[in-house]
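Number of protein chains: 2
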Amino acid sequence: MAKLVSNKQVILRDYVSGRYPTESDMYVKTSNISLKVPLVQGQGEGPRNVVLVKNLYLSCDPMMRFLIMDTSHYKMSKYDYCTPGSPICGYGVAKVLDSSNPEFKEGDLVWGLTRWEEYSFITNTESLIKIQHTDVPLSYYTGILGMPGKSAYAGFFEVCTPKKGDYVFVSAASGAVGQLVGQFAKLAGCYVVGSAGSKEKVDLLKNNLGFDEAFNYKEEHDLNAALKRYFPQGIDVYFENVGGDMLEAVLLNMREHGRIAICGMISQYNLPEPQGIKNLLQIAFKRLHIHGFTHRDYDHIVPKYLDFVLPYIRQGKVVYVEDIVEGLENGPAALVGLFTGRNFGKQVIALAHQ
Amino acid sequence: MAKLVSNKQVILRDYVSGRYPTESDMYVKTSNISLKVPLVQGQGEGPRNVVLVKNLYLSCDPMMRFLIMDTSHYKMSKYDYCTPGSPICGYGVAKVLDSSNPEFKEGDLVWGLTRWEEYSFITNTESLIKIQHTDVPLSYYTGILGMPGKSAYAGFFEVCTPKKGDYVFVSAASGAVGQLVGQFAKLAGCYVVGSAGSKEKVDLLKNNLGFDEAFNYKEEHDLNAALKRYFPQGIDVYFENVGGDMLEAVLLNMREHGRIAICGMISQYNLPEPQGIKNLLQIAFKRLHIHGFTHRDYDHIVPKYLDFVLPYIRQGKVVYVEDIVEGLENGPAALVGLFTGRNFGKQVIALAHQ
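Just so you know, the sequences run in chain order A and B.
Just so we're aligned, residue 0 is where the first sequence starts under numbering that gives the first Met the number 0, counting upward by one.
Just so we're aligned, residue 0 is where the second sequence starts under numbering that gives the first Met the number 0, counting upward by one.
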């Protein structure tokens, strides 16, 4: 019988719908856990496909907003949703301590869907990907080398079908996905402008991430006018992360045959009901293509993406800005902060470094 | 010097914005016209590329709503817009009486953009297409063989990329375009449901046009529930003609990877401002593809479309329902009636039969 160790957890108190989440929607609790994949009573063998991991880095992602709400109105397939009274679920980087799944063994490093706790039994191992490259920061597998990186690569190159010289606009441009879309757009020979919510973020975009221009949307009382200023010729490609007023203004500024990739609409997630968008006739007038997408449809491009991005990372030609807080107990504030823009770059929670 | 003949015209009184057009927005006037392409004074030859036509059939199309409004808010390229004090412009079928354009000669039958008057000088001849097949009703070149037919064919086969067995929904399904989309969907092996605004139109769809099901949207107080009733599996393809509440409900009922072709949004054209659509997050959740399109991008498919549709017309396998009123003076009521659903099928105004 393996010894019990304490297991700190962040528990969802209750579903959060129609409002901003707060720290008090979660609480920290300490349980005990046996660091062995458990034997099934009376059968003499462990259940199959269970992986016990030590969580190293946990990821704060806007899409987690849907995992903590009552999703009867939103039908999203294939996700593990959070349950009140259980730990928050989300992406993370972890080390395998024990496994009854032949694909994973003790010592493996993995990224995928896990739980907000020090140690997790993962039974749904479909999302777990073994980490092969450890010469880059492990935390990158919550960001540039994980789900957000895959989203940026698939969303920009596969969904937006960019051409050299295209005018590209990215909202939430200093976020986990946006900062990559902007850099990928520059690599593709596009002109790229980003919007973000503070002077510091705008400076980051222009001075460190290679955006041609950037603006603070909170200081623009007329987003339509702001976009006309930065895109006098109009926008060919819009990478949509925010929705609401920004989408409304973008529609007025799209060029004919423009493409909009809808990755997310973070401005809408905490409202009692979403804002109505009025400029949809522009889709017909300008023959726009609007595609919703999710990284989950692009598992097959991960090897190609890693071949593409790892050399750029190693050469310093693509950079990645992380906002790392230490300690699980700081997780609730970090997650809540995503929705007020408190994070500066990709929000990560570090639990242990190996 | 050619003799002058009288030329009855329907004149736009003033731009119509933010409300339903009424008959009194137009008036009938009689001018005189010389039935010869005029000579340019002192040069001894006529201006090039002018075609004088006798208008035979005029087309009432929802898109004409944009031609009679002040379009500073709506940027649509390449159209001839109406000017207050001048005849309404729109599509029609006409016979060439005289021409200084070498591509057209006296006696040619053409369809394309013309004016609401008995005789027109057409200087912008780009939209004119010579009619080659006269064993079908000439009026069909305002509908099934003209702009609406091209829109239905391009929109359904090129934009919606239908597959056999797809669940297809068409709004304004008894209209000039919708009635064709439904029939094309059946030819493609799809299951197709249409919505329309009266019992008679619903009966037409089910009994004469081969739709699998149809419903009267005016009798449904919950469009979401209606769509769930007709599409318990969800919708793969939505051919959008109406916008507003119907689009809102459709978004909730789309299947993953569904396609929406936006042909028009007639419910929105007469409002002070368009309705806001709230369910756009469904685009991301379900990875929808939404494409605006216009027939103007599909000139190249006209020969292919005629090869496809003419045999079906001759065999009676595709039918086309027209609502033909006689006389230019009945034009304003016919045009206005489009926006209240008065028309039963494609609305045409017959001026002369040859």
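Built from N, CA and C at the ideal position, the CB exists for glycine as well.
| Check | Outcome |
| --- | --- |
| So, does the CB of PRO147 (chain B) fall closer than 8 Å to a CB anywhere in chain A? | no |
| Does the stretch 187 to 196 of chain A come into contact with the stretch 161 to 178 of chain A, if we say contact requires no fewer than three beta-carbon pairs (one atom in each stretch) closer than 8 Å? | yes |
| Would a C-beta distance cut-off of 8 Å place GLY142 (chain B) and GLU321 (chain B) closer than the cut-off? | yes |
| According to a CB-to-CB cut-off of less than 9 Å, which residues of the stretch 273 to 288 of chain B neighbour chain A? | PRO273, GLN274, GLY275, ILE276, LYS277, ASN278, LEU279, LEU280, GLN281, ILE282, ALA283, PHE284, LYS285, ARG286, LEU287 and HIS288 |
| If I follow the unbroken beta strand (DSSP E) through VAL324 (chain A), where does it start and stop? | 321 to 325 |
| Helix, strand or coil for SER99 (chain A), going by three-state DSSP, please let me know. | coil |
| Under three-state DSSP, which class holds VAL15 (chain B)? | coil |
| Between which two residues does the beta strand (DSSP E) harbouring SER150 (chain B) extend? | No beta strand (DSSP E) holds SER150 (chain B); the alpha helix (DSSP H) holding it covers 146 to 152. |
| Please list, in chain order, all residues of the same chain as PHE214 (chain B) whose beta carbon is under 7 Å from its beta carbon, the five residues on each side excluded. | SER194, VAL201, ALA225 and TYR229 |
| Among B:GLN353, B:LEU337 and B:ALA351, which residue has its Cα nearest to the Cα of TYR19 (chain B)? | B:LEU337 |
| Listed from N- to C-terminal order along the chain, which residues in the stretch 253 to 270 of chain A have their beta-carbon within a distance smaller than 8 Å of any beta-carbon of chain B? | GLU255, ILE261, CYS262, GLY263, MET264 and GLN267 |
| Starting from ILE282 (chain B), follow the alpha helix (DSSP H) in both directions and report where the run begins and ends. | 280 to 284 |
| Below 8 Å between beta carbons: does that hold for ILE234 (chain B) and VAL249 (chain B)? | yes |
| Can you name the start and end residues of the beta strand (DSSP E) that LYS205 (chain A) belongs to? | Note, LYS205 (chain A): premise wrong, no beta strand (DSSP E); alpha helix (DSSP H) at 198 to 206. |
| Do LEU127 (chain B) and LEU34 (chain B) have their CB atoms nearer than 8 Å? | no |
| Alpha carbon to alpha carbon, what distance is there between GLN274 (chain B) and TYR118 (chain A)? | 49 Å |
| What separation, rounded to the nearest whole angstrom, lies between the Cα atoms of ALA351 (chain B) and GLY291 (chain A)? | 50 Å |
| Does the structure place the stretch 327 to 341 of chain B close enough to the stretch 322 to 335 of chain A that three or more beta carbon pairs sit under 8 Å? | no |
| Using a Cβ distance threshold of 8 Å, determine whether the stretch 91 to 105 of chain B contacts the stretch 271 to 288 of chain B, with at least three qualifying pairs required. | no |
| Could you have a look at GLN267 (chain B) and say whether DSSP puts it in helix, strand or coil? | helix |
| So, under 8 Å CB-CB, ALA184 (chain A) and PHE155 (chain A) are touching, yes? Tell me the CB distance rounded to an integer number of Å. | 7 Å |
| Do three or more CB pairs link the stretch 63 to 70 of chain B to the stretch 12 to 30 of chain B at distances below 8 Å? | yes |
| For THR122 (chain A), which residues in the same chain have their Cβ closer than 7 Å to its Cβ, ignoring the five residues on either side in sequence? | ASN48 and VAL49 |
| Take the Cβ of ARG114 (chain A) as the centre, count every other Cβ of all protein chains shown within 10 Å, and call the residue buried at 16 or more, exposed below. | buried |
| Since LYS217 (chain A) and GLU247 (chain A) are thought to touch, with beta carbons under 8 Å apart, how far apart are those beta carbons, to the nearest angstrom? | Contact flag wrong, Cβ pair sits at about 16 Å. |
| Along chain A, which residues have their Cβ under 9 Å away from the Cβ of THR293 (chain B)? | ALA283, PHE284 and ARG286 |
| LEU112 (chain A) lies in the beta strand (DSSP E); which residues open and close that run? | 108 to 114 |
| Within 8 Å (strictly less), CB to CB, does GLY242 (chain B) reach chain A? | yes |
| Among B:GLY145, B:SER85, B:VAL52 and B:CYS159, which residue has its Cα nearest to the Cα of LEU11 (chain B)? | B:SER85 |
| Determine the extent of the alpha helix (DSSP H) in which VAL308 (chain A) is found, giving its start and end residues. | 301 to 313 |
| Over what stretch of residues does the alpha helix (DSSP H) that includes PHE238 (chain B) continue unbroken? | No alpha helix (DSSP H) holds PHE238 (chain B); the beta strand (DSSP E) holding it covers 234 to 239. |
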